Each structure stands twice: as C-alpha cells, then as structure tokens.
Amino acid sequence: MDIRLEGVAKRYGDTDVVADLDLSLSSGRVVALLGPSGCGKTTTLRMMAGLERLSRGRLWLGDTLVDDAGATFVPPEGRGLGMVFQSYALWPHKSVADNVAYPLSLRGIGGTQRRDLAMAGLERVRLAHLADRMPHQLSGGQQQRVAVARAVVGDGVHSPPILLLDEPLANLDAKLREEMRGELSTLARTSGATVVAVTHDQQEAFAIADDVVVLNQGRLAQQGSPEDIYLRPDTPFVGAFGGPMYFVPATLDVDEVRVGETRIPRRDVHVGGGVGNGPISLGVRPEWLRTGVADGVDVVVLQRLFLGREHELRVTVTSTTTTLLLRWPSLTPPPAIGEHLQVLPTRAVAFSV
Ligand code: ADP
Ligand code: MG
Numbered sequence: 004m005d006i007r008l009e010g011v012a013k014r015y016g017d018t019d020v021v022a023d024l025d026l027s028l029s030s031g032r033v034v035a036l037l038g039p040s041g042c043g044k045t046t047t048l049r050m051m052a053g054l055e056r057l058s059r060g061r062l063w064l065g066d067t068l069v070d071d072a073g074a075t076f077v078p079p080e081g082r083g084l085g086m087v088f089q090s091y092a093l094w095p096h097k098s099v100a101d102n103v104a105y106p107l108s109l110r111g112i113g114g115t116q117r118r119d120l121a122m123a124g125l126e127r128v129r130l131a132h133l134a135d136r137m138p139h140q141l142s143g144g145q146q147q148r149v150a151v152a153r154a155v156v157g158d159g160v161h162s163p164p165i166l167l168l169d170e171p172l173a174n175l176d177a178k179l180r181e182e183m184r185g186e187l188s189t190l191a192r193t194s195g196a197t198v199v200a201v202t203h204d205q206q207e208a209f210a211i212a213d214d215v216v217v218l219n220q221g222r223l224a225q226q227g228s229p230e231d232i233y234l235r236p237d238t239p240f241v242g243a244f245g246g247p248m249y250f251v252p253a254t255l256d257v258d259e260v261r262v263g264e265t266r267i268p269r270r271d272v273h274v275g276g277g278v279g280n281g282p283i284s285l286g287v288r289p290e291w292l293r294t295g296v297a298d299g300v301d302v303v304v305l306q307r308l309f310l311g312r313e314h315e316l317r318v319t320v321t322s323t324t325t326t327l328l329l330r331w332p333s334l335t336p337p338p339a340i341g342e343h344l345q346v347l348p349t350r351a352v353a354f355s356v
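See below:
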C-alpha cells in the first residue's frame, strides 16, 4: 500500500519538529527513514500509525485520506498496520506463542486457528522451536524477532499492508545487529508490505532499504536509493551523514576540478543540479582517495591508527590546511608522521559554497 504525505507538519509547543514534509512511498518497498537523533523520525512514523495527529498537511494510506489535520482522522486500529517500536515490549508473563497470538485474540480469533497463525508467524522469523518459552528466556535478538513476528501476523486474515518499525535493531549489541540486518532485510522483502524502518544508523539503512529518506531537523534532506545517498548526496549534510566525508575547497570548471595545482577530470566528480562553475566545496570519502600517484594533491601525515584491516591516516592538505582521512592497506608499511604524500580522488562530489 502506498503512503503519501503532503505538506505534513507536527508542532509541539511553538516548535515544528516536522515541517513541510512531502513524501511518496511506493507499495511494497522497504523504506528507511534516516537521520540524527531528534530529527523527527519517530514523530513521522507515529503520524503514519495514527498515534499522533498532524498539525498541518495531509496523509494518505493507499487511496484513503487518514489525516487532514482537521476533521478526518482514522485511528490506529482502523489503519490495519503492523508496528514494532523501539522498546519492543513483549508481555513478560505470556509465552512467546501467546505474545504473537495476542493481537489475534483481540480480534476474536481463538483455538487452533490462533495457535496455527501464531506458529506460522514464528516460523517466518525461525523461532517456532521456542514457542513455549517465556520472553526472559530469549536473547535480545530473539525477543526482537518475536516482536516482528507479532507485527507480521496482523489480523490473521490479511497480513498488514504496511509495517512500521522504529529502530528495530537498536537494542541489540553490535555483532547481533549486523547479523539481524540480513534477516530483517529478507523478512521485509518477503512480507509484501510497504515497510518503513526508522534508523539513525546509515549502514543499517543502506543494507535493508530500497529507498532511503534522510531527514534533517524535521525536513526532508534527500530521498533516493542507498547508492544515491552515498555516492550522489545533494548536500554536505547528507554526504557527511552517509559516512565519513571530508570537504576541500576547490574550483569547478567546464571539464575539470582544481584543488590548488591539481586537476581532477570533471567526469570523476558528481556535480548535482544547481552547482555552478567557480568555487565549490569538494566532498571526498576515505576510500575514494588513491595514493602513490605523481600529480596528486600534496598532503602531510598527521596521525596514523592501525585498525587491523587497514591503517587509517589523518592527513592535512598542505595548500589549504584541510584535514582528510585515508585508508592504507595493513600489509604495506604506512608512511611516518610528518611525511608528505600525493593523493588523488577517483571519485568526489561537488557542493555549492
Ligand atoms: P527521532 O526519532 O528522529 O530521534 P523524534 O521524532 O522522537 O526524533 O523527536 C523529534 C523532536 O520532537 C525532538 O526534539 C523531541 O524532543 C520532540 N518531541 C517528540 N515528542 C514530543 C512530545 N510529545 N512533546 C514535545 N516534544 C516532543
Ligand atoms: Mg526515534
């Protein structure tokens, strides 16, 4: 089911925590709402769920106008959504199967039908063998999967056309979170639902989503594929939020970009709409920088850290005093602090200044 927001705002006191939000999320897609803490992700999700009313604008689920910040308001139970919230709140005194079956009980489904549907939900998350355990007997990751199973079971007749997940992996430790990413991605894709997953973790967003919506201070910063957000950010904010990005003053010309005396072919640089020739800020990521070149940008090594997989070198561009980060293979002895190197971006992004 499509989700559409038009001019949506949410006001608390005298602050708009969400403002001017236009979004169109297509049916069956897995969408990540990504942004720093406090940017309005949860508020946006809660408006979709009907747990918060819009202050301005309109919200459609499929063809149904569910909130117009006025007379029209369809409550959560009328929206047919599945939800998993940050604190996934399993009932501590109910077994795993009874937790998953609980929404079915509320809809008057009982007996073996209820048990069968709950077991089918648990099979989806590969936890059927733990159906009779109590929540405290499960790991954090397993509890999380039970919450997901409960959301996908829906009303037992229809699986929910929209699944809303708020920081679904946030309560897990780093290793488990990485493992669960793959599972969540598979589950989201096979659910057939439009899935909206809130996260502040860009890698999680890239890994699970077809479309990424980046929010900044309650406003839409960019919507695109994970590759768009990482390789072709519209703004330095999106660039830096997508992963380490460093900015160097440069000049954009018809067929090249100049950093001091160094020339970079313009075809290696993403130049978005609205970026004109002249002074720019050039955004580069550590893995886009090549060393051991003859006519690159001169940098001096400030600091080096051995990270196992690689060395991380912090360097200063001598002509501008800007700092960059470089990756250096762990099998090659790295340059000493104070040593000069030449670096050349194989890829960069031009931003207006
Ligand atoms: P995120 O999920 O991106 O971290 P939230 O949507 O939870 O952000 O919050 C966005 C902003 O709205 C924050 O500044 C938060 O303090 C504020 N906020 C959220 N809920 C309320 C509320 N019920 N009353 C007042 N302010 C709120
Ligand atoms: Mg939140």
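Add 3 to a position in the sequence shown, counting from 1, and you land on the number used in this note's numbering. For each residue, glycine too, the CB sits at the ideal point set by N, CA and C. Values in this document were obtained by computation on a predicted structure and should not be read as measured data.
DSSP bridge partner residues for residue i (one or two, in chain order)
i	result
R32	Per DSSP, none; premise fails for R32.
S98	S98 is not bridged to any residue.
P2	Nothing can be reported for residue 2: it is not among the residues displayed for the chain, which extend from 4 to 356.
P332	E313
G227	V215
Y15	T18
Residue i to residue j span [Cα, whole Å]
i	j	result
R266	V260	6 Å
W63	G73	14 Å
A173	T321	41 Å
E346	E264	The amino acid occupying residue 346 in the given sequence is Val; Glu does not appear at that position. Roughly 13 Å between the two C-alpha positions.
V33	A297	45 Å
V217	D101	37 Å
V251	A12	36 Å
T325	P236	21 Å
E313	P164	44 Å
M50	L26	13 Å
L334	V99	49 Å
A200	V151	12 Å
T362	M248	Lying before the first or after the last residue shown, residue 362 is absent from the chain, which here runs from 4 to 356.
Q82	R56	According to the sequence shown, residue 82 is Arg rather than Gln. Their backbone Cα atoms lie some 13 Å apart in a straight line.
Under the three-state DSSP convention, the category residue i falls into
i	result
T323	coil
I283	strand
A297	coil
I267	strand
P79	helix
S27	strand
V345	In the sequence as presented, Val is not what sits at residue 345; that position holds Gln. Q345: strand per DSSP, three-state reduction.
T46	helix
F359	Here the chain covers residues 4 to 356 and nothing more, so residue 359 does not appear.
Q206	helix
I340	coil
E181	helix
I6	strand
V356	coil
The ligand MG heavy atom lying under 7 Å from the CB of residue i
i	result
E170	yes
K44	yes
T318	Per the sequence presented here, residue 318 reads as Val, with Thr not at that position. Flag unset: Cβ of V318 not near the ligand MG.
V360	Nothing can be reported for residue 360: it is not among the residues displayed for the chain, which extend from 4 to 356.
Distance cut-off 7 Å: residue i Cβ against heavy atoms of the ligand ADP
i	result
S40	yes
V20	yes
V201	yes
Y15	yes
Buried or exposed (CB count within 10 angstroms, at least 16 for buried), residue i
i	result
S29	exposed
V257	exposed
D135	exposed
I232	buried
W291	buried
W94	exposed
V356	exposed
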